[in-house]
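Colleague:
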Amino acid sequence: MATSLKNMKAAVLGLAAAAALALPAVAADDWPSKRLTIIVPYSAGGATDVLARQVAELLGNDLDETVTVENRPGAGATLGTTQAAIARPDGYTLFMGQVSSHGIAPAVYKNLQYDPIEDFSPVTLLISIPNVMVVNQESSATSVAEFITMARDGGMTFGSSGVGSSIHLSGEMFKSRTGLELTHVPFRGSGEAVPALLAGDVDVMFDNLPSAIPHIQSGALRALAVTTPEPAEALPEVGTLSESGIDGLEGFAARSWFGILVQDDVDPGIVAKLSDALNRVIATPEFEAFAETRGAQIEGGTPQAFASFIDEELEKWRVVVDEAGVSVE
Amino acid sequence: MDALLQGLELFLSVENFVAIAIGVAVGVIVGSIPGLTATMAVALALPFTFGLDPVTSILLLVGIYKGGVYGGSITAILVKAPGTPAAACSVLDGYPLAQSGKAGKALKMALYASCTADLVSNLALIFLAGTIASFALQFGAPEYFWLICFSLTVVISISGTSLLKGLVSGLLGLLVSTVGLDLVYGTQRFTFDNFNLMSGVSYIPLLIGLFALPEVIDFYLRKAKPLAVRGADASRVSWPEFRRCLPTILRGSGIGVAIGAIPGAGATAAAFLSYGEAKRTSKRRENFGKGEIEGVAAAESGNNGVAGATLIPLLSLGIPGDVVTAVILGAFMLHGLTPGPLMFEQNLDMIYAIFVGILFSSVVLLIAGSVAIRQFVRIADVPPHILLPVVLLFCVFGSYAVQNQMFDILVMFAFGIVGFIMMRIGMAAAPFLIGFILGPLFEDNLRRSFLISDDLGVFLRSPICWIFIALTVFSLIVGLRREYQMRRTAKAVEADS
Numbered sequence: 122m123a124t125s126l127k128n129m130k131a132a133v134l135g136l137a138a139a140a141a142l143a144l145p146a147v148a149a150d151d152w153p154s155k156r157l158t159i160i161v162p163y164s165a166g167g168a169t170d171v172l173a174r175q176v177a178e179l180l181g182n183d184l185d186e187t188v189t190v191e192n193r194p195g196a197g198a199t200l201g202t203t204q205a206a207i208a209r210p211d212g213y214t215l216f217m218g219q220v221s222s223h224g225i226a227p228a229v230y231k232n233l234q235y236d237p238i239e240d241f242s243p244v245t246l247l248i249s250i251p252n253v254m255v256v257n258q259e260s261s262a263t264s265v266a267e268f269i270t271m272a273r274d275g276g277m278t279f280g281s282s283g284v285g286s287s288i289h290l291s292g293e294m295f296k297s298r299t300g301l302e303l304t305h306v307p308f309r310g311s312g313e314a315v316p317a318l319l320a321g322d323v324d325v326m327f328d329n330l331p332s333a334i335p336h337i338q339s340g341a342l343r344a345l346a347v348t349t350p351e352p353a354e355a356l357p358e359v360g361t362l363s364e365s366g367i368d369g370l371e372g373f374a375a376r377s378w379f380g381i382l383v384q385d386d387v388d389p390g391i392v393a394k395l396s397d398a399l400n401r402v403i404a405t406p407e408f409e410a411f412a413e414t415r416g417a418q419i420e421g422g423t424p425q426a427f428a429s430f431i432d433e434e435l436e437k438w439r440v441v442v443d444e445a446g447v448s449v450e
Numbered sequence: 064m065d066a067l068l069q070g071l072e073l074f075l076s077v078e079n080f081v082a083i084a085i086g087v088a089v090g091v092i093v094g095s096i097p098g099l100t101a102t103m104a105v106a107l108a109l110p111f112t113f114g115l116d117p118v119t120s121i122l123l124l125v126g127i128y129k130g131g132v133y134g135g136s137i138t139a140i141l142v143k144a145p146g147t148p149a150a151a152c153s154v155l156d157g158y159p160l161a162q163s164g165k166a167g168k169a170l171k172m173a174l175y176a177s178c179t180a181d182l183v184s185n186l187a188l189i190f191l192a193g194t195i196a197s198f199a200l201q202f203g204a205p206e207y208f209w210l211i212c213f214s215l216t217v218v219i220s221i222s223g224t225s226l227l228k229g230l231v232s233g234l235l236g237l238l239v240s241t242v243g244l245d246l247v248y249g250t251q252r253f254t255f256d257n258f259n260l261m262s263g264v265s266y267i268p269l270l271i272g273l274f275a276l277p278e279v280i281d282f283y284l285r286k287a288k289p290l291a292v293r294g295a296d297a298s299r300v301s302w303p304e305f306r307r308c309l310p311t312i313l314r315g316s317g318i319g320v321a322i323g324a325i326p327g328a329g330a331t332a333a334a335f336l337s338y339g340e341a342k343r344t345s346k347r348r349e350n351f352g353k354g355e356i357e358g359v360a361a362a363e364s365g366n367n368g369v370a371g372a373t374l375i376p377l378l379s380l381g382i383p384g385d386v387v388t389a390v391i392l393g394a395f396m397l398h399g400l401t402p403g404p405l406m407f408e409q410n411l412d413m414i415y416a417i418f419v420g421i422l423f424s425s426v427v428l429l430i431a432g433s434v435a436i437r438q439f440v441r442i443a444d445v446p447p448h449i450l451l452p453v454v455l456l457f458c459v460f461g462s463y464a465v466q467n468q469m470f471d472i473l474v475m476f477a478f479g480i481v482g483f484i485m486m487r488i489g490m491a492a493a494p495f496l497i498g499f500i501l502g503p504l505f506e507d508n509l510r511r512s513f514l515i516s517d518d519l520g521v522f523l524r525s526p527i528c529w530i531f532i533a534l535t536v537f538s539l540i541v542g543l544r545r546e547y548q549m550r551r552t553a554k555a556v557e558a559d560s
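Structure (structure tokens):
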């Protein structure tokens with residue numbers, strides 16, 4: 122009896138080992154064969170969530186599988202990111218990465234539970250959204266240079282959607298490059314910060330383009346420059362900080378971006394298939410229309426290109442965070 | 064005028080009527096389930112609007128929102144499990160009414176107050192949007208700070224039997240609200256290195272734990288309680304009763320409109336402020352908290368008065384005041400529309416179509432609410448030994464559903480125990496909630512004021528500041544005096560008997 126039990130154990134172990142060995146080889150060919158999930162580290166209804174739902178629908182059509190969105194908000198997106206990092210690496214749990222999870226948060230949070238490089242395998246960069254430097258229409262600054270002259274006297278403030286947001290850190294980057302003294306006034310979301318700018322309680326903001334654009338169009342806010350190296354398609358007449366001719370601002374590049382990542386151990390074959398599918402998705406007319414209404418730039422590209430993009434982002438924000446001294450112990 | 068006719072034409076389609084009906088119905092059901100909020104329902108419905116007409120999609124979302132805001136009161140009254148934070152105020156008098164067999168009456172008053180407030184709020188949106196929006200923009204950090212100070216004085220009115228215990232409860236709420244990352248420096252406070260606590264204690268699990276769970280715990284600790292099976296509840300709101308509450312409802316609607324128009328203030332503050340004002344001015348104030356129908360009317364009118372008004376900053380300025388309106392803004396943008404002054408110039412017909420639809424939604428809310436009440440009121444007849452396990456199930460499910468985090472279930476149980484202890488020692492839970500919800504607004508705006516200006520004079524910079532300082536002082540003095548008198552009379556009555 123003991124022997125037969127032992128044999129059975131060995132047989133089971135052998136089978137398990139064979140299955141484990143066979144699994145990855147089968148995985149890429151058979152993928153996808155069941156429902157996919159995109160983890161969004163923010164609440165339903167936010168910008169990241171809306172994007173993820175759009176991608177989920179189009180990716181579902183492309184792969185002929187159901188793609189659902191799972192919201193795991195909390196702790197400035199680090200909670201959901203951690204959960205995505207430790208999910209089963211079978212290519213069915215995708216993660217909607219963004220400038221926070223794979224750019225800013227690793228620099229800001231000292232005790233992060235995930236490693237943006239080690240734990241993840243980048244798939245495709247989807248879109249990027251410029252930030253735009255805006256002032257109240259009644260401000261006497263009509264250009265970046267004029268704003269800087271005014272700000273030299275001190276006492277000026279810049280609003281943001283919260284500590285560690287791309288809006289905040291664009292401001293910090295501007296401060297450190299120009300050597301200006303600007304007081305940071307954080308709000309909880311752009312929805313609260315923009316009214317303060319409209320009312321003149323804060324002097325400037327480096328807002329995400331989609332939330333600022335209606336006020337620029339209505340004339341309530343004046344756009345001085347965009348924060349990307351190239352002008353934004355939605356605001357072609359507005360120049361860039363990089364080309365504003367101000368010392369220290371050359372090469373200024375700050376933007377929000379969104380891309381899909383999977384766990385580090387996912388089969389490279391699956392990553393390649395997924396990347397192809399996502400590149401097809403973002404080229405559809407539906408997605409183009411979606412991006413246009415949000416003032417977003419469609420990106421796309423290979424997993425390798427996305428990986429080196431993330432490397433650059435991590436390094437860039439680390440420098441800004443170190444200089445500004447914003448970190449969470 | 065042309066635009067108005069075009070708008071009417073744009074609105075008059077079967078799709079729009081269906082969208083509003085479905086929206087409101089879904090909203091009422093979702094709102095009534097603790098943990099599932101109007102915000103969530105609106106966000107989840109957004110993808111369904113991709114293929115719809117712009118007006119139809121906006122009306123669907125607005126319908127869900129309005130239904131959701133009202134739906135929160137149903138379970139608040141029936142089983143003390145508020146579906147939304149703002150509905151917690153309806154618990155104060157709604158639940159005692161339900162316990163005394165008048166669930167139907169409480170639910171109906173909640174519905175009538177909600178629909179009246181909704182209508183007032185819609186009319187304010189349509190006729191006063193421009194004026195109110197420019198008023199709302201004058202609310203900077205210092206003005207906001209004083210508004211919150213004034214709102215905090217409501218703790219006096221909702222402290223129950225002991226003002227001291229009420230204040231302690233409110234301070235505990237304030238303390239719990241400081242958990243998480245600090246706004247200005249991002250410092251961790253009371254997080255004990257736990258990542259789940261970094262963005263603070265989530266309010267839905269706290270709300271469910273604090274209000275619904277103590278009832279469940281209490282029932283199981285007093286096992287011997289006889290099974291209370293009641294007959295079908297046919298209690299109604301009589302016309303004289305409604306007429307008596309009408310001033311309260313109209314005042315609540317006004318408070319709701321004012322608070323709703325200010326980005327970020329929220330329905331909870333409006334509901335409690337309306338309740339506090341009603342209690343302060345009512346002839347039957349001794350009855351508040353023990354099952355006074357006027358209390359339900361006050362809470363619900365304040366709560367629902369917010370719904371239409373939050374669309375004011377959105378439509379007239381393009382500013383979303385809360386998460387729901389942010390999602391609705393997203394829906395506008397998906398269809399290539401940008402709310403704000405420009406929309407009034409370029410798509411006036413569409414604005415009118417939406418206005419007509421929103422007015423119509425108040426009527427639909429009345430119908431959907433009546434149908435819902437007829438079904439839901441039977442819950443009051445379910446014996447507790449069957450009902451409470453189901454309530455417990457929904458508590459767990461609702462806490463999990465908010466963020467899909469197991470940790471939130473622990474939060475719910477932890478605050479359930481806190482709530483139970485508070486119930487046992489006669490400490491009201493409502494001040495705790497007010498402290499918890501208003502605490503961050505209080506702190507943020509205080510600190511923002513200091514960031515905006517080095518000068519303390521910033522707190523006195525505008526007439527709005529002065530008005531709210533005066534209101535705060537007035538409310539404190541009158542409230543404390545009333546409480547003192549009430550207590551003295553109560554003692555005298557006790558001594559006599």
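Going down the list, the protein sequences come from chains A and B.
Numbers 122 to 450, taken from the working numbering, label the letters of the first sequence in order.
Numbers 64 to 560, taken from the working numbering, label the letters of the second sequence in order.
Beta carbons are placed, not taken as given, at the ideal position from N, Cα and C, and that holds for glycine.
Predicted, not measured: the structure shown is a model, and the values here were computed from it.
Starting from the C-beta of Q175 (chain A), find all residues in its chain whose C-beta is less than 6 Å away, skip the five residues before and the five after it, and write them out in chain order.
Modeller: F411
Colleague: Is there a Cβ from chain B that is less than 8 Å from the Cβ of M122 (chain A)?
Modeller: Confidence is the limiting factor: at M122 (chain A) the pLDDT is only 42, short of 50, which leaves the residue's position unreliable, though a coordinate-based value still follows. So, not an interface residue.
Colleague: May I ask you to report which of helix, strand or coil DSSP gives E191 (chain A)?
Modeller: The answer is strand: DSSP assigns E191 (chain A) an E or B state.
Colleague: Considering only the beta carbon of each residue, do I500 (chain B) and P277 (chain B) sit closer than 8 Å?
Modeller: I500 (chain B) places its beta carbon 8 Å or farther from that of P277 (chain B).
Colleague: Thinking L237 (chain B) and G432 (chain B) are a contact (beta carbons under 8 Å), I'd like their distance in whole angstroms, please.
Modeller: About 35 Å separates the two Cβ atoms, so there is no contact after all.
Colleague: Tell me whether L455 (chain A) sits in a helix, a strand or coil according to DSSP, three-state version.
Modeller: No statement about residue 455 (chain A) is possible, as the shown extent of chain A runs from 122 to 450 and does not include it.
Colleague: Is F505 (chain B) buried or exposed, if buried means 16 or more other CB atoms sit within 10 Å of its CB?
Modeller: By the C-beta density criterion, F505 (chain B) is buried, having at least 16 other C-beta atoms within 10 angstroms.
Colleague: Strictly under 8 Å for the Cβ-Cβ distance: is Y522 (chain B) near chain A by that measure?
Modeller: A quick correction: the sequence has Phe, not Tyr, at residue 522 (chain B). No, F522 (chain B) does not count as interfacial toward chain A.
Colleague: Excluding the 5 residues flanking K296 (chain A) on each side, which residues of the same chain have their C-beta closer than 6 Å to its C-beta?
Modeller: L303
Colleague: Under a CB-based cut-off of 8 Å, is P383 (chain B) close to chain A?
Modeller: yes
Colleague: So that I know if they touch, is there some Cβ in chain B lying closer than 8 Å to that of E191 (chain A)?
Modeller: yes
Colleague: In whole angstroms, give me the CA-to-CA distance for V244 (chain A) and C152 (chain B).
Modeller: 48 Å
Colleague: Would you say G367 (chain B) reaches chain A, if we count a Cβ-Cβ gap shorter than 8 Å as a contact?
Modeller: Checking the displayed sequence, the identity of residue 367 (chain B) turns out to be Asn instead of Gly. No, no contact with chain A.
Colleague: Please report the Cβ distance between G251 (chain A) and R376 (chain A), rounded to the nearest whole angstrom; I am assuming they are in contact, meaning their Cβ atoms lie under 8 Å.
Modeller: Strictly speaking, residue 251 (chain A) in this sequence is Pro, with Gly absent from that position. Contact holds; Cβ gap of about 5 Å.
Colleague: Is there contact here, the region 222–232 of chain A with the region 433–448 of chain A, by at least three beta-carbon pairs under 8 Å?
Modeller: yes
Colleague: Give the residues from the region 384–415 of chain A that approach chain B closer than 9 Å (Cβ to any Cβ), ordered along the chain.
Modeller: For the region 384–415 of chain A, which is checked against every Cβ of chain B, the residues closer than 9 Å are E407, A410, F411, E413, T414 and R415.
Colleague: Would you please verify whether the beta carbon of R439 (chain A) is less than 8 Å from any beta carbon of chain B?
Modeller: Using beta-carbon distances, R439 (chain A) does not count as an interface residue toward chain B, since no partner is under 8 Å.
Colleague: By Cβ distance, which residues of its chain are closer than 7 Å to L179 (chain A), with the 5 residues on each side in sequence left out?
Modeller: V402, T405, E407 and F408
Colleague: Rounded to whole angstroms, what is the Cα-Cα separation between G502 (chain B) and L539 (chain B)?
Modeller: 18 Å
Colleague: Can you tell me which of the three DSSP states R343 (chain A) falls into?
Modeller: strand
Colleague: Could you say if the region 158–178 of chain B and the region 193–203 of chain B meet the contact criterion of at least three C-beta pairs nearer than 8 Å?
Modeller: no
Colleague: Identify each residue in the region 255–286 of chain A for which the Cβ-Cβ distance to at least one residue of chain B is less than 9 Å, and report them in chain order.
Modeller: For the region 255–286 of chain A, which is checked against every Cβ of chain B, the residues closer than 9 Å are G276, T278, G283, V284 and G285.
Colleague: For the 8 Å Cβ check, are there 3 or more pairs between the region 184–203 of chain A and the region 410–427 of chain A?
Modeller: no
Colleague: Using the beta-carbon of each residue, which ones in chain B are nearer than 8 Å to V315 (chain A)?
Modeller: By Cβ distance, chain B contributes I382.
Colleague: Please say whether L188 (chain B) and I375 (chain B) have beta carbons closer to each other than 8 Å?
Modeller: Closer than 8 Å, so yes.
Colleague: Is V392 (chain A) near S242 (chain A), with beta carbons less than 8 Å apart?
Modeller: yes
Colleague: Our contact map puts V220 (chain A) next to E434 (chain A) with C-beta atoms below 8 Å; I'd like the distance itself, whole angstroms only.
Modeller: 7 Å
Colleague: Distance check for A66 (chain B) and N329 (chain A), CA to CA, integer angstroms please.
Modeller: Here the alpha carbons of A66 (chain B) and N329 (chain A) stand approximately 33 Å from one another.
Colleague: By the DSSP assignment, the alpha helix (DSSP H) with N367 (chain B) in it spans what residues?
Modeller: I356 to A372
Colleague: Under three-state DSSP, which class holds R252 (chain B)?
Modeller: strand
Colleague: What does S339 (chain A) touch in chain B if you count any residue whose Cβ is under 8 Å from its own?
Modeller: Going along chain B in sequence order, the residues near S339 (chain A) (Cβ under 8 Å) are G381, G403, P404 and L405.
Colleague: What residues of chain B sit near E178 (chain A), judged by a beta carbon separation below 9 Å?
Modeller: P110 and F113
Colleague: Starting from G292 (chain A), find everything on chain B with Cβ-Cβ shorter than 7 Å and list it in chain order.
Modeller: Neighbours of G292 (chain A) on chain B: none; closest Cβ ~13 Å, over 7 Å.
Colleague: Please look up how many angstroms separate the CB atoms of Q418 (chain A) and E364 (chain A), rounded, as I've assumed it's under 8 Å.
Modeller: The beta-carbon separation of Q418 (chain A) and E364 (chain A), rounded to 17 Å, does not stay under the 8 Å limit for a contact.
Colleague: For the alpha helix (DSSP H) that A470 (chain B) lies in, which residues bound it at each end?
Modeller: Checking the sequence, you will find Phe at residue 470 (chain B) rather than Ala. Unbroken alpha helix (DSSP H) run through F470 (chain B): M469 to R487.
Colleague: Along the region 147–175 of chain A, where does the CB come closer than 9 Å to a CB of chain B? Name the residues.
Modeller: S164, A165, G166, G167, A168, D170, V171, R174 and Q175
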